[in-house]
Amino acid sequence: MFRKWIALLLWAVPFVCAAQTIDLLILNKNYNEALFQIRKNLEVRLDADLYFKQGLIYRQLSKPLYAENSFENSISLDSTNSKYLSEYADLLTEFGNPYKAVTFYQRAAEHSIEDFNLKYKLGRAFMNVENYQKAYDVFMLIRYKDSTNIVYNKQLALAALRIGKTDQATDLFESVLASNPNDFNTYQNLILLYMKNDDAVQIVRTSDRGLYFLPENPAILLRGANSLYNLAEYEEAKPFYERYLSRNDSALEIFKNYGITLYFCKEPEKAISLLEKYFYQIPNDPNVDFYLGLAYRDMATLSRSAEFLEMAVACAQPTYLAEMCHHLGKVYGLNREFELSIKALQKAFNFNTKKVEILCEIAKTYEEFNPNKKLALNYYNQYLKEAGDSAVNAKYAQERVRIIREGTYRNKN
């Protein structure tokens, strides 16, 4: 028996020494010699670990196809080794084959149940194939065992966000920032979440917090500005746009958003300056034409206002036509072009018959310029019929109907 042990030892020593030599060669980055020694040993005896080391070297040498073949050989000899399975899955991910990678990450995780890093890789793999529910389930399993790791919590938050668990995602992102306040991507995700929840206060708070730790970061400034703009919180959005533009070049879309913001902040002259920069590059954007028209109206440049509102109506989507025609009708009225005003207001009502107040405006316009008050009377009556006695201008319309009828009666007599 003793002789057998001695024989086994003598047989194994060369392989152990060879493995140590190969490890040393890899450590010293003498890859060509390491590959030579591996091939030499594999000719004597097939070994899963040697194939694995061969694959690692090929990855270092940027020879992924050779690495793939080596890893496949190592797995064929030892199909339950999580290290081999995981490394092969990593390579498949680099190859752009995340679906196949998922299978090998799953096998690796099954054979190393307590390895959270493997589970983390599996969760990331599910994210890559957009199976967010499975990714969420994996990250939740990790959280049950380790609820303090910010890397795992961040991935769980992303998965929760993808499957609509916005409250949980928000809480997790906040916990990540509490431990790591320099996490740029988490600020961006939180601002997006607060925008979805229509929470302008938290958008400002989160943006300011991010800018404290990452001063004047352009992406945070812009995310905060655009999120507040999308919530129509123009007064809050304005300083973020100003800070962004003071240090950064801007795309046309930012000029557009900031210009519209300035219009709502009662700064029509500045709004015109920005929106016209956009207009001269993209003249067929109905929103830009529309707000240019409104800004020129506020500047009392009515002919210019009408030009832009006409362009807006010409290229607008049906959803917005009623509002645009309505404003165009008002501008024509202010410019005392009453017939054009009537036509625009009638179009506005035809596009959206729920905007019954337009009927009252048509009646007022007819009454002002047309000596035949019957047209005005008809529109006042239509307004009262469709809007009812509780309408905004119901009392005014009732009074005008009474006066017009009395005037008509006196004229007859």
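Each residue of the sequence shown is one higher than the last, beginning at 1 in the UniProt record's numbering. Idealized CB from N, CA, C, for every residue including glycine.
{"Item": "Closest by C-alpha distance to Tyr120, when choosing among Lys100, Tyr99 and Lys154", "Value": "Lys154"}
{"Item": "Candidates Asn378, Arg400, Ser305 and Leu321: closest to Asn352 by CA position", "Value": "Leu321"}
{"Item": "C-alpha gap between Phe264 and Phe349, whole angstroms", "Value": "25 Å"}
{"Item": "Whole-angstrom C-beta distance between Cys325 and Asn284, which should lie under 8 Å", "Value": "In fact, because the Cβ distance is near 18 Å, the residues do not count as touching under 8 Å."}
{"Item": "Inter-residue Cα distance where the pair is Ala135 and Lys270", "Value": "48 Å"}
{"Item": "CA nearest to the CA of Gly333, picked from Val356, Ser303 and Ala312", "Value": "Ser303"}
{"Item": "Coil, strand or helix - Gly329 by DSSP", "Value": "helix"}
{"Item": "Cα-Cα separation, Ile260 to Asn287", "Value": "9 Å"}
{"Item": "Spatially closest choice to Ile358 from Asn372, Ala376, Asn149 and Asn335, by CA coordinates", "Value": "Ala376"}
{"Item": "Proximity winner among Glu110, Arg243 and Leu27, relative to Leu211 (alpha-carbon distances)", "Value": "Arg243"}
{"Item": "Thr206 and Leu190 closer than 7 Å at C-beta", "Value": "yes"}
{"Item": "Residue range of the alpha helix (DSSP H) that includes Phe264", "Value": "Leu252 to Phe264"}
{"Item": "Three-way DSSP call (helix, strand, coil) for Glu367 in this model", "Value": "helix"}
{"Item": "Endpoints, alpha helix (DSSP H) assigned at Asp78", "Value": "First-last for Asp78: undefined, no H or E at that position."}
{"Item": "Inter-residue Cα distance where the pair is Met311 and Asn185", "Value": "40 Å"}
{"Item": "Rounded distance between the beta-carbons of Val138 and Pro98, thought under 8 Å", "Value": "Going by Cβ atoms, the distance from Pro98 to Val138 rounds to 15 Å, so no, they are not a contact pair."}
{"Item": "Span of the alpha helix (DSSP H), counted from its first residue to its last, around Gly293", "Value": "Pro286 to Asp298"}
{"Item": "Chain-order list of residues whose beta-carbon lies under 8 Å from that of Tyr291 (same chain, five-residue window excluded)", "Value": "Gly259, Ile260, Tyr263, Ala271 and Leu275"}
{"Item": "Element boundaries [alpha helix (DSSP H), containing Asp183]", "Value": "Where Asp183 is concerned, there is no enclosing alpha helix (DSSP H), given that its DSSP letter is neither H nor E."}
{"Item": "Status (buried if at least 16 other CB within 10 Å, exposed otherwise) for Thr148", "Value": "exposed"}
{"Item": "Where Pro215 falls, given that 16 or more other Cβ within 10 Å makes a residue buried", "Value": "exposed"}
{"Item": "Beta-carbon proximity check, Asn381 vs Cys360, cutoff 7 Å", "Value": "no"}
{"Item": "Residue nearest to Lys279 in terms of C-alpha spacing, selected from Lys266, Arg297 and Glu253", "Value": "The displayed chain sequence assigns Phe, not Lys, to residue 279. Closest option to Phe279, Cα to Cα, is Glu253."}
{"Item": "Leu27 versus Leu65 - alpha carbon distance", "Value": "23 Å"}
{"Item": "Rounded straight-line distance, which links the Cα of Leu192 to that of Tyr84", "Value": "39 Å"}
{"Item": "Reference Phe71; option with closest CA among Ser273, Ala89 and Gln60", "Value": "Ala89"}
{"Item": "Asn32 burial status per 10 Å Cβ neighbour count (16 or more: buried)", "Value": "exposed"}
{"Item": "Under the three-state DSSP convention, the category Thr353 falls into", "Value": "coil"}
{"Item": "Closest residue to Lys256 among Tyr229, Pro239, Ile75 and Lys266 (Cα-Cα distance)", "Value": "Tyr229"}
{"Item": "Ser390, DSSP secondary structure in three states", "Value": "coil"}
{"Item": "Glu267 - containing alpha helix (DSSP H), residue span", "Value": "From DSSP, Glu267 is part of no alpha helix (DSSP H); its letter is neither H nor E."}
{"Item": "Cβ distance (whole Å) where Glu87 is taken to contact Gly55 below 8 Å", "Value": "7 Å"}
{"Item": "Of the listed residues Lys196, Val151, Phe308 and Ile150, nearest to Arg162 (C-alpha basis)", "Value": "Lys196"}
{"Item": "Through-space distance from Thr170 to Arg223, alpha-carbon basis", "Value": "17 Å"}
{"Item": "Beta-carbon proximity list for Trp11, same chain, < 7 Å, skipping 5 on both sides", "Value": "Only weak support exists for where Trp11 lies, its pLDDT of 43 falling under 50; the coordinates are left without a value."}
{"Item": "Alpha-carbon to alpha-carbon, Tyr152 and Pro218", "Value": "27 Å"}
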